[in-house]
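The listed protein sequences correspond, in order, to chains A and B.
The opening position of the first sequence corresponds to residue 48 in the working numbering, with each subsequent residue numbered one higher.
The opening position of the second sequence corresponds to residue 124 in the working numbering, with each subsequent residue numbered one higher.
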Amino acid sequence: MKKIENIINRIRINKGDNEISEFQKNMSLRDDIGFDSLDLAELTVLIEDEYNIDIFESGIVSTLEEIHERLLIDGGNN
Amino acid sequence: MDRLFYIDSSRDLAISYQDFFLSVNSETKKFNPHCHESNFEDVFRQIVVSLKLDIPITVFDCNLSKSEVENLMSSEESLNCDKVISSEEINSNTITNFYTHCCNLKNWSINLFTSGTTAKPRKVSHSFNSLNRELRINSNQSEKIWGSAYNPTHIAGLQVFFQAFFNLNLLVRFFGLPNQVIYNDISLHGITNISGTSTFYKLLYSKDHFFNSVSRITFGGEKFDSLISKKLIKMFPNAKQLNIYASTECGSLFASKNDEFEISKLMKEFIRIENDEILIHKSKLGYSSNLQVVNDWYRTGDIVEITSNNPLRFKFTSRKNEIIGIGGYQVNPIEVEEIICEFEGVTDAYVFAKPNSVLGKILCCDIVSEVDISVKAIREFLSTRLQPYKIPRIIKFKERLGKTRSGKKRRV
Numbered sequence: 048m049k050k051i052e053n054i055i056n057r058i059r060i061n062k063g064d065n066e067i068s069e070f071q072k073n074m075s076l077r078d079d080i081g082f083d084s085l086d087l088a089e090l091t092v093l094i095e096d097e098y099n100i101d102i103f104e105s106g107i108v109s110t111l112e113e114i115h116e117r118l119l120i121d122g123g124n125n
Numbered sequence: 124m125d126r127l128f129y130i131d132s133s134r135d136l137a138i139s140y141q142d143f144f145l146s147v148n149s150e151t152k153k154f155n156p157h158c159h160e161s162n163f164e165d166v167f168r169q170i171v172v173s174l175k176l177d178i179p180i181t182v183f184d185c186n187l188s189k190s191e192v193e194n195l196m197s198s199e200e201s202l203n204c205d206k207v208i209s210s211e212e213i214n215s216n217t218i219t220n221f222y223t224h225c226c227n228l229k230n231w232s233i234n235l236f237t238s239g240t241t242a243k244p245r246k247v248s249h250s251f252n253s254l255n256r257e258l259r260i261n262s263n264q265s266e267k268i269w270g271s272a273y274n275p276t277h278i279a280g281l282q283v284f285f286q287a288f289f290n291l292n293l294l295v296r297f298f299g300l301p302n303q304v305i306y307n308d309i310s311l312h313g314i315t316n317i318s319g320t321s322t323f324y325k326l327l328y329s330k331d332h333f334f335n336s337v338s339r340i341t342f343g344g345e346k347f348d349s350l351i352s353k354k355l356i357k358m359f360p361n362a363k364q365l366n367i368y369a370s371t372e373c374g375s376l377f378a379s380k381n382d383e384f385e386i387s388k389l390m391k392e393f394i395r396i397e398n399d400e401i402l403i404h405k406s407k408l409g410y411s412s413n414l415q416v417v418n419d420w421y422r423t424g425d426i427v428e429i430t431s432n433n434p435l436r437f438k439f440t441s442r443k444n445e446i447i448g449i450g451g452y453q454v455n456p457i458e459v460e461e462i463i464c465e466f467e468g469v470t471d472a473y474v475f476a477k478p479n480s481v482l483g484k485i486l487c488c489d490i491v492s493e494v495d496i497s498v499k500a501i502r503e504f505l506s507t508r509l510q511p512y513k514i515p516r517i518i519k520f521k522e523r524l525g526k527t528r529s530g531k532k533r534r535v
C-alpha cells in the first residue's frame with residue numbers, strides 16, 4: 048500500500064496540493080483525497096507503470112482498499 | 124411558494140425564479156456582452172439579459188485564464204452596449220411571451236469557443252433558432268427536474284439550461300461536484316432528467332445506489348460507452364437513455380437509443396457521408412468566419428462506419444483531425460505545445476494522447492529541454508495559462524522527439 052500512497056502523494060504534489068501523511072484504507076479517492084477525473088486518469092497510468100495492471104479496466108474503483116483488492120485480484124504484488 | 128430555478132449544493136445556493144427574474148430585470152443597464160463568470164447563475168443571468176435586450180453575447184469558460192480570454196477578446200469586434208434599451212420586464216407568468224420574443228430576435232447570437240485546427244480556439248455563433256431546434260417547450264415538460272453535468276458556456280450546457288428555463292423547471296448543478304453531493308441532490312430534489320458525458324456517468328456509477336425518480340438519461344459530447352450504459356440500467360431502473368450527437372459548430376443533430384444513429388427523413392438532405400466522413404450542409408451550421416465550407420458542405424472530421432444504407436444508419440469510430448477528446452473536452456495539441464515551449468529552457472514539445480480506462484484518453488507530453496525542469500514546475504506554469512483538461516498529465520523528458528517521414532511530429 049505504501050507504493051500506492053506515494054503515487055497518490057506524487058499526483059497531489061504535482062498539482063500543487065499538500066502531501067497526505069496518514070492514509071485510511073476506506074478513504075474515497077474523490078471525496079477524501081480530492082481527485083477529479085483527470086487525477087484518476089493519471090493514477091491509473093502510474094499504477095499500471097508500477098504493477099502492469101489497469102485498475103479501472105473492469106470498472107471504477109472508489110477507495111484505497113478497492114485499489115488494493117483490484118491489484119490482488121489481478122495478480123499484483125505490492 | 125415560488126418555483127425554484129437553480130441549485131448549486133456545493134455552495135448551499137438555491138435561487139427561485141422570482142429572485143432570478145428580479146436580478147435579470149434590474150441588471151439590464153449594466154449589461155456586459157462579454158461573459159467570463161465563475162458562478163453559473165451569473166452566466167445564466169447575463170445570457171437571459173442579452174436575450175431580453177436582443178444584444179449578442181460572448182461567453183468564455185470560467186476556467187480559461189485571464190490571458191487566454193484576453194487573447195480571444197483581441198479577435199472580438201467591439202460591441203456597442205452603451206445605450207440604455209428599454210425592454211419588457213419578464214417573470215414566471217410571461218415566460219411564454221418571452222420565449223416567443225426569443226424566437227423572433229433580430230440581432231441576438233451567442234458566441235462560443237471551440238478548439239479549432241489552428242492554435243487558436245475557434246469562435247462559433249449561434250442564433251436562438253439554431254439552439255431552439257431541439258428544445259421541447261410545452262406543458263408536458265413542466266414537472267421535469269434537471270441535473271446538468273455540463274458547463275453552461277458549452278453548447279450542451281446551454282441547451283440543458285434553455286430546456287429547463289423556458290419550461291420553468293428546476294436546474295441542479297452536477298458539473299464538477301463530488302458523487303455524494305450528486306446522489307443527495309438526485310434523492311432530495313427528485314431529479315427526473317440527467318444530462319452528461321459518458322465520462323461523467325462512468326465516474327458517477329455506483330452499484331450501491333438506485334434512483335427511481337430519474338426517467339431520462341442523456342449522453343453527449345463524446346463517444347457513447349455501451350458498457351456504462353448497461354450498468355446505468357440498474358442504477359436508474361426507470362430511465363430511458365438517449366445518445367445525442369452534437370458539436371459546437373452544429374448544435375444537436377442526431378439522437379439515438381444506443382451508439383447507432385439513424386438519419387431521419389427530415390435530416391436526410393442535410394447529411395452526407397463521403398470517404399467515411401460525415402458532411403453537414405451549411406444551413407445546419409452556426410456562423411464562424413473560419414469554418415471551412417466547400418460547395419455548401421462542412422466536413423466534420425468525424426469518421427463513421429455505415430451499418431445500414433436504407434435507412435442510413437452509422438456508428439462513430441474516430442476523429443479525422445488531430446484534435447484530442449479528453450473526457451468530453453476538445454484539446455488542440457498544437458496550442459498546448461506552443462505554450463509549453465514558452466517555458467524557459469524548453470526547446471521542443473510533443474503533446475499526444477494514450478488510451479485511458481478513466482477518460483477514454485489521457486493527455487501526455489514529451490519535452491526536450493536544455494536545462495533541468497521538474498514536472499511540478501511545468502504543471503504550475505501551464506495551470507496559469509491553460510484549462511485543467513489541456514494540461515498533460517504524463518510528462519516525460521526526452522533528448523529528441525520522434526518525427527514522421529514528412530518531418531511532422533509523430534501523433535499516434
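Even for Gly, the Cβ is constructed at its ideal location relative to N, Cα and C.
Note down, in chain order, every chain B residue with its Cβ under 7 Å from the Cβ of residue i.
i: F103 (chain A); result: S480 and V481
i: I107 (chain A); result: K325, L326 and Y328
i: I60 (chain A); result: K499
Is residue i helix, strand or coil when you go by DSSP?
i: C226 (chain B); result: helix
i: S379 (chain B); result: strand
i: L414 (chain B); result: coil
i: G123 (chain A); result: Model confidence at G123 (chain A) stands at a pLDDT of 47, short of 50, so the residue's coordinates are unreliable; what they give is reported in the following sentence. DSSP places G123 (chain A) in coil when its eight states are reduced to three.
i: R77 (chain A); result: coil
i: T91 (chain A); result: helix
i: T110 (chain A); result: strand
i: D425 (chain B); result: strand
i: V207 (chain B); result: Note on V207 (chain B): pLDDT 49, under 50, position unreliable in the model; the coordinate value appears next. V207 (chain B): coil per DSSP, three-state reduction.
i: I178 (chain B); result: coil
i: G280 (chain B); result: helix
i: S215 (chain B); result: helix
i: I501 (chain B); result: helix
i: F347 (chain B); result: coil
i: I510 (chain B); result: Note that residue 510 (chain B) is Gln in the sequence shown here, rather than Ile. Note: Q510 (chain B) maps to coil in three-state DSSP.
i: R134 (chain B); result: helix
i: E385 (chain B); result: strand
i: F359 (chain B); result: coil
i: T440 (chain B); result: strand
i: A518 (chain B); result: For the sequence presented, residue 518 (chain B) should be read as Ile rather than Ala. Note: I518 (chain B) maps to strand in three-state DSSP.
i: Y140 (chain B); result: helix
i: Q264 (chain B); result: helix
i: P456 (chain B); result: helix
i: E150 (chain B); result: coil
i: V474 (chain B); result: strand
i: E397 (chain B); result: strand
i: Q364 (chain B); result: strand
Taking residue i and residue j to be in contact with their CB atoms under 8 Å, please state how far apart those CB atoms are, rounded to whole angstroms.
i: I100 (chain A); j: L111 (chain A); result: So it is not a contact: roughly 15 Å between Cβ atoms.
i: V491 (chain B); j: L524 (chain B); result: 6 Å
i: Y368 (chain B); j: F393 (chain B); result: About 13 Å separates the two Cβ atoms, so there is no contact after all.
i: S310 (chain B); j: F333 (chain B); result: That belief does not hold up - the Cβ atoms of S310 (chain B) and F333 (chain B) are roughly 10 Å apart, past 8 Å.
i: I268 (chain B); j: G313 (chain B); result: 6 Å
i: K229 (chain B); j: D308 (chain B); result: The pair is not a contact, with the Cβ atoms about 39 Å apart (cut-off 8 Å).
i: I447 (chain B); j: T423 (chain B); result: Their Cβ separation, rounded to whole angstroms, is 16 Å, which puts I447 (chain B) and T423 (chain B) out of contact at 8 Å.
i: L291 (chain B); j: S329 (chain B); result: Their Cβ separation, rounded to whole angstroms, is 31 Å, which puts L291 (chain B) and S329 (chain B) out of contact at 8 Å.
i: R126 (chain B); j: S146 (chain B); result: R126 (chain B) to S146 (chain B), Cβ: 15 Å. No contact.
i: C464 (chain B); j: L408 (chain B); result: Wrong, their Cβ atoms sit about 33 Å apart, outside the cutoff.
List the residues of chain A whose Cβ lies closer than 9 Å to the Cβ of residue i, in chain order.
i: G450 (chain B); result: S84, L85 and A88
i: I485 (chain B); result: L85, A88, E89, T91 and V92
**Positions along the segment 86-101 of chain A whose CB lies within less than 7 Å of some CB in chain B** = L87, A88, E89, T91, V92 and D101
**Prompt:** Looking at C-beta atoms only, is the number of pairs between the segment 55-63 of chain A and the segment 457-466 of chain B that lie closer than 8 Å three or more?
**Reply:** no
**Message:** Using a Cβ distance threshold of 8 Å, determine whether the segment 285-297 of chain B contacts the segment 130-141 of chain B, with at least three qualifying pairs required.
**Reply:** yes
**Request:** Check distances from the C-beta atoms of the segment 498-521 of chain B to those of chain A and list, in chain order, the residues that come in under 7 Å.
**Result:** V498, K499, R502, E503, P511, Y512, R516 and I517
**Asked** Is the segment 317-330 of chain B touching the segment 136-151 of chain B, taking contact as three or more C-beta pairs under 8 Å?
**Response** no
**Request:** Can you give me, in chain order, the residues of the segment 313-343 of chain B that have a beta carbon less than 7 Å from any beta carbon in chain A?
**Result:** T322, K325, L326 and Y328
**Request:** Select from the segment 62-85 of chain A all residues with a C-beta closer than 7 Å to any C-beta belonging to chain B, and list them in chain order.
**Result:** K62, G63, R77, D78, S84 and L85
**Prompt:** Name the residues in the segment 298-313 of chain B whose C-beta lies less than 8 Å from a C-beta of chain A; which are they?
**Reply:** G299, P301, N302 and Q303
**Message:** Three or more C-beta pairs under 8 Å: does that hold for the segment 425-438 of chain B against the segment 270-281 of chain B?
**Reply:** no
**Message:** Against chain A, which members of the segment 414-447 of chain B pass a CB distance test of less than 8 Å?
**Reply:** none
**Request:** Flag this pair as touching only if the segment 478-486 of chain B and the segment 73-91 of chain A have three or more C-beta atom pairs under 8 Å; answer yes or no.
**Result:** yes
**Request:** Check whether the segment 282-294 of chain B touches the segment 258-267 of chain B, taking contact to mean three or more Cβ pairs, one atom from each stretch, closer than 8 Å.
**Result:** yes
**Request:** Inspect the CB distances between the segment 155-162 of chain B and the segment 173-192 of chain B and report whether three or more fall short of 8 Å.
**Result:** yes
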